[in-house]
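FYI, in full-length UniProt numbering the residues of the sequence shown are 1 to 253.
Yeah, the Cβ is synthetic: ideal placement off N, Cα and C, and Gly gets one too.
Computed from a predicted model, the values in this text were never measured in an experiment.
Report on the following structure.
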Amino acid sequence: NSSELFTSPKEKKRKEKKRKGKIQELLPVDSVDSLTKLVLVNALYFKGNWAKKFKDGFTKEQPFRMTKNTTKPVQMMFQREKFNWTYIKTVHTHIIELPYVGNDLSMLILLPDDISDDTTERDLTYEKLSKWTSSEMMEKTEVDVYLPRIKMEESYDLKSTLSSMGMQDAFSEDRADFRGMSEKNDLVLSHVFHKCFVEINEEGTEAAAATAASMTTRSLISAIQFIADHPFLFFLRHNETKTILFLGRFCSP
Numbered sequence: 001n002s003s004e005l006f007t008s009p010k011e012k013k014r015k016e017k018k019r020k021g022k023i024q025e026l027l028p029v030d031s032v033d034s035l036t037k038l039v040l041v042n043a044l045y046f047k048g049n050w051a052k053k054f055k056d057g058f059t060k061e062q063p064f065r066m067t068k069n070t071t072k073p074v075q076m077m078f079q080r081e082k083f084n085w086t087y088i089k090t091v092h093t094h095i096i097e098l099p100y101v102g103n104d105l106s107m108l109i110l111l112p113d114d115i116s117d118d119t120t121e122r123d124l125t126y127e128k129l130s131k132w133t134s135s136e137m138m139e140k141t142e143v144d145v146y147l148p149r150i151k152m153e154e155s156y157d158l159k160s161t162l163s164s165m166g167m168q169d170a171f172s173e174d175r176a177d178f179r180g181m182s183e184k185n186d187l188v189l190s191h192v193f194h195k196c197f198v199e200i201n202e203e204g205t206e207a208a209a210a211t212a213a214s215m216t217t218r219s220l221i222s223a224i225q226f227i228a229d230h231p232f233l234f235f236l237r238h239n240e241t242k243t244i245l246f247l248g249r250f251c252s253p
């Protein structure tokens, strides 16, 4: 019975353990019943520590501007360090690279100047992102980085999206072909569920959550101001292959 398979306590506990308990209830309520034959589920788990960590004592509450007239408080982290940075004039956007320990992976953050400007997101392609973040475009620069703590969790049913992209046979009783999985060839895909959890704090991305300190700079040398106090895009990149492992948009705490 497929519904028993997906909801058995033993199976549920095993899957949550593999995801470190960060992604729970992957299947929506009532999404699986006795008629369900096949469901595709995907969960992403990543934990990385910053190569240059934010100090807890510098974190303080600041407003995050969701729109020009609406703000919400966030815990804003701060550090001044040298990072790869660039400014793309054509789309009025700052880009910074925050590497993880080992430098195999980096988080790329694209921060538009204008809070209501969606040009960067609308026109962005993989080719443009690759060009903008290439070694020829970015330079090691001293930057004052203000970045909010983030905790995001999103769920998606990708059936309609995949169907509109041309993946239709898998969802059709008449055309589905899963003979490689079942000799009876009686399987048809009912849903494609995806769930993602992202947490960013002083330690890094998805680290488990000090002493008091004031937010001061180390010297009078001017530094680039990278203040992520309004919506921005972020990407997790594998640096050797330039593969984007996940991406997101932070627009509201």
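| Item | Value |
| --- | --- |
| Touch test, the region 173-187 against the region 100-110, Cβ-Cβ under 8 Å, three pairs minimum | no |
| Unbroken alpha helix (DSSP H) run spanning S160, endpoints | K159 to S164 |
| Coil, strand or helix - Y126 by DSSP | helix |
| Under 7 Å between C-beta atoms of F224 and W50 | For the sequence presented, residue 224 should be read as Ile rather than Phe. No; because the gap between Cβ atoms is not below 7 Å, this pair is not in contact. |
| First and last residue of the uninterrupted beta strand (DSSP E) at L187 | Element bounds for L187: n/a, residue is neither H nor E. |
| Burial state of M76, where buried means 16 or more other Cβ atoms lie within 10 Å | buried |
| Rounded C-alpha distance that separates L236 from H191 | 27 Å |
| Element boundaries [beta strand (DSSP E), containing V74] | T71 to I88 |
| Contact under 7 Å by Cβ, I115 with H230 | yes |
| Opposing strand residues paired with P63 [DSSP bridges] | P73 |
| Spatial distance of I23 from H194 (CA atoms) | Note that I23 scores a pLDDT of 45, beneath 50, so its modelled location is shaky; the value from the coordinates is reported in the next line. So the alpha carbons of these two residues sit roughly 11 Å apart. |
| Through-space distance from T90 to Q62, alpha-carbon basis | 29 Å |
| Whole-Å CB distance - F54 paired with E154, under 8 Å assumed | Actually they do not touch by this definition, with Cβ atoms about 24 Å apart. |
| Residue(s) in a DSSP beta bridge with F193 | V41 and D157 |
| Buried versus exposed call for P148 [16 or more other C-beta atoms within 10 Å across all chains shown] | buried |
| For F234 and C196, believed in contact at Cβ under 8 Å, the rounded distance | Not really, about 12 Å apart at Cβ, beyond 8 Å. |
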